[in-house]
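**Student:** Following this message is one structure expressed as C-alpha cells.
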Amino acid sequence: MQEELLQIKNSAMYFIMDAKNPKELEEIKLDFLGRSGKLTLIMKELAKLPMDKRVEIGRLANEVKNAIEDALQTAEDSFSQKKIDKISRIDISEPGILPTLGHLHLVTQAIDEIAQIFARIGFERVRYPEVEWDYFAFEALNFPKNHPARDDWETFFTTETPHARYGPQVLTPHTSNGQIREMVKNVLPIKMLNIAKTYRRQSDISHTLMFHQFETLCVSENISIADLKGTLAYFAKSYFGEKRKTRIRPYHFQFTEPSFEVDISCGLCNGKGCKFCKEGWLELGGAGMVHPNVLKEVGINPKKYAGFASGFGVERVLMMREDMHIDDLRLLYANKLEFLQQF
Ligand code: DAH
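When you read off a place in the sequence shown, starting at 1, and then add 1082, the result is the number in this note's numbering.
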C-alpha cells in the first residue's frame, strides 16, 4: 500500500505539471481526490488495516493528499496569473498613439500676454462682476441719465428687479465699472488692470456681441498726462514692437477730463500712410485723466490725488498685430477648429 501511495503521488505530480489549462487541472483533481478518485479509494481501504499499520499508512496517505492539493493549487494560481499578465502586459517598445494636444484660445493668449506686460510695470490684475449694476457701469462714471449708452439700444439689461440704490442690472458694456469698484475700496495708490468680458448690441465683421476690454487705472499723488503717455507707449512697444509709436488725440468721455483717443503708428507703412491706415495711424482705444466728479463720487480728494485711465479692446489690439490677418472678428468665436488651430 505504501508503494501504491507513492505511485499515486508521482503520477498525480506528473499530470499536474503537464496540465495545459485549468480544465485539465480540474479533471486531475477529480481523478485523484474526487469521490471515487484514486487516492480516495485507497484511503477507504485504510479502515481495513490493522491498527499499527493504519496509523503509519494513514500518515503517509495524508502527506500524499496534501502534496497533491498543494501542487494543484500552485498550478491553478499560475494559470490565473498568466491571465492577468496577458491583460496587463505593456510592451514599452510599441510606438504610442499621440494624443491630440489642445491649446489656449487666441484671445486667452492675448489676455495673458497683456497681463504680463502690465505686470512688469506694477499693474495688478483684478476682476469684477460682469453682470453689473447701472451705478458702477454708468452713474458713478458721470454719465448723465439720458446718455445714449444707457438705453437698451447699446447695452444689454437683465430682467432683474432694479437695485434700490444702484439701479437696473446690465451686462458690462465696458470695463470702466472696474474703476469704480476699485476706487470705492479706498486703498491708495491704485495700479489696476481690469480685463473682462464686455457686451454690446452690435454684431458685424468687426463687432461681436461679447468681446473683451482691458482697462488700466492708476491713482496716486502727482500723476499727470505724462504718466499716461509713458504707460501707453510702453504697452504699444511691448505688444506691437519697438518701432511702433503712439499719439493721443483730444476726445470726449464722460468719466475722464481731459479725454483722449489713442492711436498707434501703422505697422504696414510705418506711419507714412497706406491703404490700410489712410494717414499712418490706427485707433487703439480711449484714455484720459480721471474726472474730478468721479473721484469725488468715490470719496477721493481730487485736490490731492489724480489718476489716469485707459480702456482698449482685446480683440481689437489682437487684430491690429502685423502678423494677424483676420478679416472677420466673428471667426474668433465661431468654434471652428480649422481656424483656431492656426494660432
Ligand atoms: N470705456 C470706454 C469705452 O468702452 C473706453 C475708455 C475711454 C476707457 C477712456 C477709459 C478711458 O478708461 O479713460 O468706449
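Built from N, CA and C at the ideal position, the CB exists for glycine as well.
Every value quoted in this text rests on a predicted model; they were computed, and no experiment measured them.
Taking the C-alpha atoms as reference points, what is the distance between Val1252 and Phe1293?
**Tutor:** Their backbone Cα atoms lie some 15 Å apart in a straight line.
**Student:** Contact defined as beta carbons within less than 8 Å: I believe Glu1365 pairs with Glu1343. What is the distance between those atoms, to the nearest angstrom?
**Tutor:** Contact holds; Cβ gap of about 6 Å.
**Student:** Entirely within the stretch 1150–1181 and at least 3 residues each: give me those beta strand (DSSP E) ranges in chain order.
**Tutor:** You should have found no qualifying run.
**Student:** What residues are listed by DSSP as bridge partners for Gly1370?
**Tutor:** According to DSSP, which records beta bridges pairwise, Gly1370 is partnered with Ser1341 and Ala1391.
**Student:** Nearest by alpha-carbon distance to Glu1214: which of Asn1228, Arg1232 and Gln1198 is it?
**Tutor:** It is Arg1232 whose Cα lies nearest to the Cα of Glu1214.
**Student:** Using a 10 Å radius around the Cβ and a threshold of 16 neighbouring Cβ atoms, would you call Gln1155 buried or exposed?
**Tutor:** With fewer than 16 other Cβ atoms within 10 Å, it is exposed.
**Student:** Comparing C-alpha positions only, which one of Lys1378, Ile1287 and Ser1392 sits nearest to Leu1413?
**Tutor:** Of the listed residues, the one whose Cα sits closest to Leu1413 is Ile1287.
**Student:** Find out if the Cβ-Cβ distance for the pair Ile1277, Leu1299 is shorter than 7 Å.
**Tutor:** No, these two residues do not count as a Cβ contact at 7 Å.
**Student:** Just confirm the distance between the C-beta atoms of Gly1112 and Gly1119, as a whole number of angstroms; I'd bet it's less than 8 Å.
**Tutor:** Note on identity: in this sequence residue 1112 is Leu, with Gly being the wrong assignment. About 6 Å separates the two Cβ atoms, so the contact holds.
**Student:** Select from Gln1336, Glu1397, Glu1195 and Thr1280 the residue whose C-alpha is nearest the C-alpha of Pro1211.
**Tutor:** Selected option, being the one with the closest Cα: Thr1280.
**Student:** Please report the straight-line C-alpha distance between Met1401 and Cys1359, rounded to a whole angstrom.
**Tutor:** Answer to the nearest angstrom: the Cα atoms are 13 Å apart.
**Student:** Identify, in the order they occur along the chain, each residue of the same chain with its Cβ nearer than 7 Å to the Cβ of Ala1157, setting aside the five sequence neighbours on each side.
**Tutor:** The answer, listed in chain order, is Ile1098, Ala1101 and Leu1107.
**Student:** On the criterion of 16 or more Cβ atoms from any shown chain inside 10 Å, does Val1269 qualify as buried, or is it exposed?
**Tutor:** Result: exposed.
**Student:** What three-state label does DSSP hand Gly1249 in the structure shown?
**Tutor:** Note: Gly1249 maps to strand in three-state DSSP.
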